[in-house]
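Going by the working numbering, the letters in the sequence shown line up with residues 6 to 465, in that order.
Built from N, CA and C at the ideal position, the CB exists for glycine as well.
These notes are about the structure you will find just below.
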Amino acid sequence: MENLDKIIALCKSRGFIFPGSEIYGGLANTWDYGPLGVELKNNIKAAWWQYFVRECKNSVGLDGGILMNPSVWVASGHVGGFSDPLMDCKACKTRHRADNLINNFQKTQKTKNPIDPDTLSVNQMEEFVATNKVPCPHCAKQDWTGIRQFNLMFKTNRGVVEDSASVVYLRPETAQSQFVNFTNLQRTSRLKIPFGVGQIGKAFRNEITPGNFTFRTIEFEQMEYQHFTTDEKSLDDYHMFKTKAMEFYIDRVGLRKENLRFKDHATLCHYAKAAVDAEFLFPFGFGEIGGTHHRGTHDLGSHQKCSCKSCEYVDPSTGDRFIPTVVESSHGCDRILLAVLCDAYNEEEIAKDDIRVVLKIKPSIAPYKVAVLPLQKKGLTNKSDELFAQLSKNFSTTYDDAGSIGKRYRRQDEIGTPFCVTIDYETLEDNAVTIRHRDSMKQERVKIKDLTTTIQKYLV
Ligand SMILES: [Zn+2]
Numbered sequence: 006m007e008n009l010d011k012i013i014a015l016c017k018s019r020g021f022i023f024p025g026s027e028i029y030g031g032l033a034n035t036w037d038y039g040p041l042g043v044e045l046k047n048n049i050k051a052a053w054w055q056y057f058v059r060e061c062k063n064s065v066g067l068d069g070g071i072l073m074n075p076s077v078w079v080a081s082g083h084v085g086g087f088s089d090p091l092m093d094c095k096a097c098k099t100r101h102r103a104d105n106l107i108n109n110f111q112k113t114q115k116t117k118n119p120i121d122p123d124t125l126s127v128n129q130m131e132e133f134v135a136t137n138k139v140p141c142p143h144c145a146k147q148d149w150t151g152i153r154q155f156n157l158m159f160k161t162n163r164g165v166v167e168d169s170a171s172v173v174y175l176r177p178e179t180a181q182s183q184f185v186n187f188t189n190l191q192r193t194s195r196l197k198i199p200f201g202v203g204q205i206g207k208a209f210r211n212e213i214t215p216g217n218f219t220f221r222t223i224e225f226e227q228m229e230y231q232h233f234t235t236d237e238k239s240l241d242d243y244h245m246f247k248t249k250a251m252e253f254y255i256d257r258v259g260l261r262k263e264n265l266r267f268k269d270h271a272t273l274c275h276y277a278k279a280a281v282d283a284e285f286l287f288p289f290g291f292g293e294i295g296g297t298h299h300r301g302t303h304d305l306g307s308h309q310k311c312s313c314k315s316c317e318y319v320d321p322s323t324g325d326r327f328i329p330t331v332v333e334s335s336h337g338c339d340r341i342l343l344a345v346l347c348d349a350y351n352e353e354e355i356a357k358d359d360i361r362v363v364l365k366i367k368p369s370i371a372p373y374k375v376a377v378l379p380l381q382k383k384g385l386t387n388k389s390d391e392l393f394a395q396l397s398k399n400f401s402t403t404y405d406d407a408g409s410i411g412k413r414y415r416r417q418d419e420i421g422t423p424f425c426v427t428i429d430y431e432t433l434e435d436n437a438v439t440i441r442h443r444d445s446m447k448q449e450r451v452k453i454k455d456l457t458t459t460i461q462k463y464l465v
């Protein structure tokens with residue numbers, strides 16, 4: 006966890022991530038992405054869109070609204086079933102998830118063959134807590150209320166009247182937009198099954214569990230791809246998307262393979278044939294960053310039933326009508342960003358008592374690609390401005406003329422800038438600059454006219 010504390014401090018001091026509304030004492034589990042955070046996040050989203058939507062012949066995109074007709078959430082099961090079982094400690098007034106209490110209790114007791122609370126009913130969970138005298142983790146007393154089901158959706162009211170007819174929810178996942186628009190998407194794009202629809206957007210969950218920095222937040226960004234296929238092909242497609250997810254994390258985001266693993270779901274929904282999480286090894290242990298889910302015909306079938314509108318697909322060659330099977334590839338943007346920071350964070354001893362902090366972020370994902378650094382302040386401003394103008398047309402570029410060149414290199418290392426370009430008096434005569442590489446710290450002299458193509462070549 007030591008590294009996580011260092012990463013949190015670095016994020017705040019260098020402008021990746023700030024605590025939400027900090028001057029008012031913050032708001033639990035909310036964060037704001039600063040100048041570097043927004044660049045990094047945009048790069049991750051662009052890489053995902055490129056890989057899942059643009060490089061796939063039978064893929065299109067969607068940007069659905071956050072607010073949807075509340076019937077959507079009845080059909081999806083979120084109104085009825087998307088809840089946490091919560092118990093209050095009467096002694097210290099803290100609130101806890103019953104499933105977490107049971108799991109943690111069994112861990113501390115080193116119970117052999119522990120019971121999975123997901124398999125217990127509400128009554129059985131209450132009974133477990135009572136008969137085992139499970140103590141409050143906060144005050145150690147054993148004085149619990151009964152379990153109340155606490156829906157995780159944020160509820161609000163539209164218009165001025167607060168009645169049941171005006172209730173709307175902030176979406177708890179982006180996926181439903183792809184499902185309710187299935188017919189619109191298929192007809193307008195004239196897509197034949199199998200095809201898929203990608204979407205990136207915000208989702209909201211009213212969670213009480215505290216979060217390990219940005220790992221668990223109440224507002225977060227999802228990158229979700231819904232693949233519509235036939236029942237016969239669906240398991241093959243599931244395995245294809247499982248592989249594709251790992252390729253995205255490793256080849257496009259730059260996460261190290263040894264820090265990633267798959268974890269099959271312990272229990273499957275009744276409609277699903279398979280489901281797996283992709284997990285990354287954070288400083289606090291393995292945590293989910295995405296998942297591949299076989300969803301059967303559950304989503305479209307349920308919307309067809311509740312809306313009384315057809316969600317069927319008509320096969321143009323055979324005329325067969327059927328409800329497509331869905332394979333979902335879902336990814337948490339904020340969690341992947343946190344994984345990138347944890348994976349990239351390095352402390353290197355480059356001389357005795359000289360530690361350099363360097364974020365070895367994959368260059369194509371890094372917030373800034375290039376830093377323009379005039380070696381001296383006098384007489385180099387015009388040339389440096391010219392160079393910034395040239396480079397910033399192609400790369401996210403930053404400029405720094407304050408302090409010694411060594412200090413400026415270190416500042417760029419700390420934020421993961423892969424290339425520093427130094428201008429000196431010689432530049433004015435030979436029209437060449439020095440590129441300094443972040444990871445190797447090697448330097449090379451390059452003609453300004455070749456600079457853009459040289460950096461492009463290194464940007465993978
Ligand atoms: Zn208590």
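Straight-line measurement puts the Cα of glutamate 44 at about 14 Å from the Cα of alanine 376. Remark: C-beta atoms of phenylalanine 246 and threonine 297 approach each other more closely than 8 Å. Its Cα nearest to that of glycine 25, the residue Asp37 stands out among Asp37, Glu317, Leu91. By the criterion of a C-beta distance shorter than 8 Å, valine 79 is surrounded in its chain by Gly85, Cys311, once the five residues flanking it on both sides are discounted.
In this structure glutamate 229 is buried. Its beta-carbon is surrounded by 16 or more other beta-carbon atoms within 10 angstroms. When the Cα atoms are used, serine 169 and lysine 207 turn out to be separated by approximately 25 Å.
Under the DSSP assignment, valine 331 falls outside any alpha helix (DSSP H), being part of the beta strand (DSSP E) whose first and last residues are 330-337.
Sorting Ile71, Gln461, Cys425 by C-alpha distance to the C-alpha of aspartate 444 places Cys425 at the top. Residue pairing by DSSP places leucine 72 opposite Leu175 in a beta bridge. If you check the C-beta of lysine 138 against ligand 1, you find no heavy atom less than 7 Å away. Alanine 96 has its Cβ nearer than 7 Å to a heavy atom of ligand 1. The DSSP-derived three-state label of glycine 20 is coil. Separation of phenylalanine 159 and threonine 222 (C-alpha to C-alpha, rounded to the nearest whole angstrom) is 13 Å. The stretch 274-282 makes no contact with the stretch 67-74; the number of CB pairs closer than 8 Å stays below 3.
According to DSSP, tyrosine 404 shares a beta bridge with Val377. DSSP lists Phe327 as the bridge partner or partners of tyrosine 318.
Nearest to isoleucine 12 by alpha-carbon distance, out of Arg100, Pro288, Gly164, is Pro288. Within the DSSP secondary-structure output, tryptophan 54 pairs in no beta bridge. In terms of side-chain proximity, the C-beta atom of threonine 150 is found no nearer than 7 Å to any non-hydrogen atom of ligand 1. Isoleucine 410 is positioned such that its CB atom lies closer than 8 Å to that of threonine 427.
Put simply, the backbone Cα of glutamate 263 is about 15 Å away from that of tyrosine 350.
Taking 8 Å as the upper bound for CB-CB distance, asparagine 436 and isoleucine 460 are not in contact here, some 16 Å apart.
Following the DSSP letters along the chain, one finds cysteine 425 inside the beta strand (DSSP E) bounded by residues 424-428. Residue pairing by DSSP leaves isoleucine 223 without any beta bridge partner. Within the same chain, Phe21, Ile22 come within 6 Å of glycine 42 by CB-CB distance, once the 5 residues on both sides are set aside.
Within the chosen limit of 7 Å, ligand 1 reaches the beta carbon of threonine 99 through at least one heavy atom. Between glutamine 129 and serine 88, the CB-CB gap reaches or exceeds 8 Å. Within the stretch 274-311, the beta strand (DSSP E) runs of at least 3 residues that lie entirely inside it are, in chain order, 280-287, 290-299. For threonine 113 and isoleucine 28, the gap between their C-alpha atoms comes out near 39 Å. Taking 8 Å as the cut-off, the beta carbon of cysteine 338 is found no closer than this to the beta carbon of lysine 17.
Ranking Gly306, Pro423, Ala52, Gln395 by CA distance to the CA of serine 81 puts Gly306 first. In this structure, cysteine 313 has its beta carbon at no less than 7 Å from each heavy atom of ligand 1.
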